[in-house]
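Participant: Here it is, the structure, as structure tokens.
4 protein chains.
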Amino acid sequence: MRKSSYIENMDEWKNSFRFYHKVSVRFSETDMFGHLNNTVPFTYFEEARIEFLKENGLMDAWLQRENDSIPVVADLQCDFLAQVFFGEEVLIHVKVQSIGNSSADIHYMGKKRDGKIVFTGRGAMVQISKSTGRPVPWSLIDKQKLIHGLEKESMAGA
Amino acid sequence: MRKSSYIENMDEWKNSFRFYHKVSVRFSETDMFGHLNNTVPFTYFEEARIEFLKENGLMDAWLQRENDSIPVVADLQCDFLAQVFFGEEVLIHVKVQSIGNSSADIHYMGKKRDGKIVFTGRGAMVQISKSTGRPVPWSLIDKQKLIHGLEKESMAGA
Amino acid sequence: MRKSSYIENMDEWKNSFRFYHKVSVRFSETDMFGHLNNTVPFTYFEEARIEFLKENGLMDAWLQRENDSIPVVADLQCDFLAQVFFGEEVLIHVKVQSIGNSSADIHYMGKKRDGKIVFTGRGAMVQISKSTGRPVPWSLIDKQKLIHGLEKESMAGA
Amino acid sequence: MRKSSYIENMDEWKNSFRFYHKVSVRFSETDMFGHLNNTVPFTYFEEARIEFLKENGLMDAWLQRENDSIPVVADLQCDFLAQVFFGEEVLIHVKVQSIGNSSADIHYMGKKRDGKIVFTGRGAMVQISKSTGRPVPWSLIDKQKLIHGLEKESMAGA
């Protein structure tokens, strides 16, 4: 399997996920080449990331209109390892790989029920102010929530 | 050609449009059956409707965050008359068919360069309050802008 | 509640559905007005219709590349009854309303867990030949599968 | 400006593009945070890449149903440098960065009319066989078409 720059040890990496969100490939997500269009996994990443953040208690404040802080995506990447077809179920795994002052590096793995990895990915998420556009450092409590996610991974990797 | 309930006289109807917005079918908008997926023309309608409203000076206020009134779509329909394929150009025609107290009926026609009509549609747009969700009657000036669009059509149809 | 032309008796109509498919509103499906964009329910209709057809044993042949018949959507409409927001679950109900020679009229109802109907819709589906583009009459067995769906509804309505 | 791993010298890099395709941000491409959703630039990349390949005479064969070779995307990445809003025009620049045996590395730059770069990206494209899924080496003529693109860049960078 082709190795991506953000994956040091594939076996360790793929075993360190503890959360996943299931998606099924929609008909409208295929293209005329007959497979899942390459722009769609990023939609899956977003959907799964938000479910992951919800589970860790991080989405609520961000979704309140009066809150000035929102999480934005600083970068995103995806490696497409196998073609995916209409109707197939993909389990989108998500984990926090590392935490910065106002950012976090999130990793993704799309895996089928039979264990086949069909795509992998990563992206940095940054908390910014809606009014100024500048980064907003994580609060202690948000950091703990993210570290909690991280620790689950670390323990899992141990 | 199959006639839709919202079209009384096809010849008159198709000649009464004065505005169009050009779109090209994206690869990601096709599906595994090889043609434009049926959910996409509604995206084209929205894009063309907004260009039409901009041209008639109606979008600016709605896009300001502090403005409480926004236009919402009350209903939408589309008749698919011919398959459309990747890369094809479609001219999305838009007109105001009638104006209510806080609503307007908007008609759409998707036509290729060679004159072939590939889909038709319509939908009511209603101005509502973001805070209450209730309809907000058109101001005199907005009504004039919409009537202006209507008159252009009427004159054209005369 | 506003009544649509395709709904004669709202109480009967809403009680005649026997199938639904659950969707959750994705973040990427919202727009800058803060609610579900109006183009997305048509994607939900497609997803739910295909699940419905699968359950009635009708999708398998259509998805085989060597099969010349495919179902296409002849028209689609949607009435938006209430705003829908990010993360909300909507149960997309589907039923066959009537069957023609090579077509079927499919009805849709989007309902929240609390029973609130947020949108309704309908659309004709036609079986056509990929090579000629002409309608292909239902086989006896396909018709029986569709009638079976219809009967379930009729019985339910009795 | 944050520098991405695939950009060695930002000034050289941004001046080496010779092709661009213009897009306007659709209303349906915004999300409830009020800006362009992060999944959409990948759609823009695809649209612009295909226009670029067309201009270099590379798309025609791939789009013929009887042709067994299709181009697939092996990986994709995007760095989001500035928020983009509804209605804004973005010029999506595309170039071939390097050519392999059956693959090519494509670079992207999204720039506004005022010269502001709003996102950058890259991704490998691979020619594969529809029937076997295996890479198909570029023909001499396809390679020349890609090298031609490359040369234009190289000359431009000189």
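Protein chains in written order, with my numbering: chain A, 11 to 168; chain B, 11 to 168; chain C, 11 to 168; chain D, 11 to 168.
Idealized CB from N, CA, C, for every residue including glycine.
Determine the DSSP secondary structure at A/E163, reduced to helix, strand or coil.
Facilitator: Low per-residue confidence applies at A/E163: pLDDT is 49, beneath 50, and the placement is therefore not dependable enough to give any value.
Participant: For chain B, check one thing: does any of its Cβ atoms lie closer than 8 angstroms to the Cβ of A/G44?
Facilitator: Yes - at least one Cβ of chain B is within 8 angstroms of the one on A/G44.
Participant: Roughly how many angstroms separate the alpha carbons of B/A168 and B/K105, rounded to a whole number?
Facilitator: Note that B/A168 scores 36 on pLDDT, short of 50, meaning its location in the model is unreliable; the coordinates nonetheless yield the value given after this. About 15 angstroms.
Participant: Compute the Euclidean distance between the alpha carbons of D/F52 and D/E76, then round it to the nearest angstrom.
Facilitator: Answer to the nearest angstrom: the Cα atoms are 28 angstroms apart.
Participant: Can you name, in chain order, every residue of its own chain whose Cβ lies under 6 angstroms from the Cβ of D/M165, other than the five neighbours on each side?
Facilitator: Any reading at D/M165 is ruled out, since the residue's pLDDT is 44, under 50, leaving its predicted position unreliable.
Participant: Rounded to the nearest angstrom, what separates C/G120 and B/E65 at their Cα positions?
Facilitator: One C-alpha to the other measures close to 34 angstroms.
Participant: Would you list the one or two residues that DSSP bridges to B/H45?
Facilitator: DSSP lists no partner for B/H45.
Participant: Quick one: using the 10 Å Cβ neighbour count with 16 as the cut-off for buried, is C/D78 buried or exposed?
Facilitator: Counting Cβ neighbours within 10 Å, C/D78 comes out exposed, since fewer than 16 surround it.
Participant: Closer than 8 angstroms by beta-carbon distance: list the chain C residues that pair up with B/V83, in chain order.
Facilitator: Neighbours of B/V83 on chain C, chain order: N48, F90.
Participant: With DSSP collapsed to three states, give me the class of B/P51.
Facilitator: Helix.
Participant: Do the CB positions of C/S251 and A/E56 come within less than 8 angstroms of each other?
Facilitator: A query on residue 251 of chain C cannot be resolved here, the shown segment of chain C reaching from 11 to 168 and no further.
Participant: Under a three-way DSSP split, which group does D/D124 fall into?
Facilitator: It is coil, neither helix nor strand.
Participant: To the nearest angstrom, how far is it from the Cα of C/E18 to the Cα of C/R123?
Facilitator: Approximately 24 angstroms between the Cα atoms of the pair.
Participant: Cβ closer than 9 angstroms: which chain D residues qualify as neighbours of B/R36?
Facilitator: Within chain D, the residues near B/R36 are T53, E56, E57, I60.
Participant: In the structure shown, what three-state DSSP assignment does B/L68 receive?
Facilitator: In this structure, B/L68 counts as coil in the three-state DSSP scheme.
Participant: Would you check if there are 3 or more beta carbon pairs closer than 8 angstroms linking the region 125-140 of chain D to the region 79-99 of chain D?
Facilitator: With the cut-off at 8 angstroms, the region 125-140 of chain D and the region 79-99 of chain D touch.
Participant: Look at the alpha carbon of D/F43 and the alpha carbon of C/L68, and state the distance between them as a whole number of angstroms.
Facilitator: Roughly 40 angstroms separates the two Cα atoms.
Participant: When you compare only the Cα positions, how much space is there between A/K24 and C/S34?
Facilitator: Taking the straight line joining both Cα atoms gives about 27 angstroms.
Participant: Buried or exposed for C/P81, going by 16 or more other Cβ atoms inside 10 Å?
Facilitator: It counts as buried.
Participant: Quick check: what's the CA-CA separation for D/R36 versus D/V50?
Facilitator: So the alpha carbons of these two residues sit roughly 10 angstroms apart.
Participant: Do D/I116 and D/H31 count as a contact pair if the criterion is CB distance below 8 angstroms?
Facilitator: Not in contact: D/H31 and D/I116 (Cβ atoms no closer than 8 angstroms).
Participant: Under the assumption that D/I157 contacts D/V146 (Cβ atoms under 8 angstroms), give the Cβ distance between them as a whole number of angstroms.
Facilitator: Going by Cβ atoms, the distance from D/I157 to D/V146 rounds to 18 angstroms, so no, they are not a contact pair.
Participant: Looking at the C-beta of C/L86, does it have a partner C-beta in chain A at a distance below 8 angstroms?
Facilitator: Taking Cβ atoms only, chain A never reaches closer than 8 angstroms to C/L86, which makes this a no.
Participant: Per the DSSP calculation, A/E56 is bridged to which residue(s)?
Facilitator: DSSP output for A/E56 lists no bridge partner at all.
Participant: If the cut-off is 7 angstroms on Cβ atoms, which residues from the region 110-139 of chain B count as contacting chain D, listed in chain order?
Facilitator: So nothing in the stretch comes that close.
Participant: At a CB-CB cut-off below 8 angstroms, which residues of chain C make contact with B/I80?
Facilitator: Per Cβ cutoff of 8 angstroms: F43.
Participant: Please report whether the beta-carbon of B/L150 lies at a distance below 8 angstroms from any beta-carbon of chain D.
Facilitator: Not an interface residue.
Participant: Can you pull the chain C neighbours of A/F96, defined as C-beta to C-beta under 9 angstroms?
Facilitator: Going along chain C in sequence order, the residues near A/F96 (Cβ under 9 angstroms) are I60, L73.
Participant: Under the rule that 16 or more other beta-carbon atoms within 10 Å means buried, what is D/S26, buried or exposed?
Facilitator: So D/S26 counts as buried.
Participant: Identify which residue in D/H45, D/E61, D/E98 has its Cα closest to the Cα of A/S141.
Facilitator: When each option's Cα is compared against that of A/S141, the closest is D/H45.
Participant: Tell me, please, whether the CB atom of A/T40 is closer than 8 angstroms to any CB atom in chain B?
Facilitator: Taking Cβ atoms only, chain B reaches closer than 8 angstroms to A/T40, which makes this a yes.
Participant: How would you call A/R144, buried or exposed, if buried means at least 16 neighbouring beta carbons within 10 angstroms?
Facilitator: Exposed: under 16 other Cβ atoms inside 10 Å.
Participant: Could you give the residue range of the alpha helix (DSSP H) that holds A/E39?
Facilitator: Segment: none, A/E39 is in no alpha helix (DSSP H) and carries neither H nor E.
Participant: Considering C/D85, what are the terminal residues of the beta strand (DSSP E) in which it resides?
Facilitator: 85-90 is the span of the beta strand (DSSP E), which, as asked, contains C/D85.
Participant: Mark B/D152 as exposed unless 16 or more other C-beta atoms lie within 10 angstroms of its C-beta, in which case mark it buried.
Facilitator: That one is buried.
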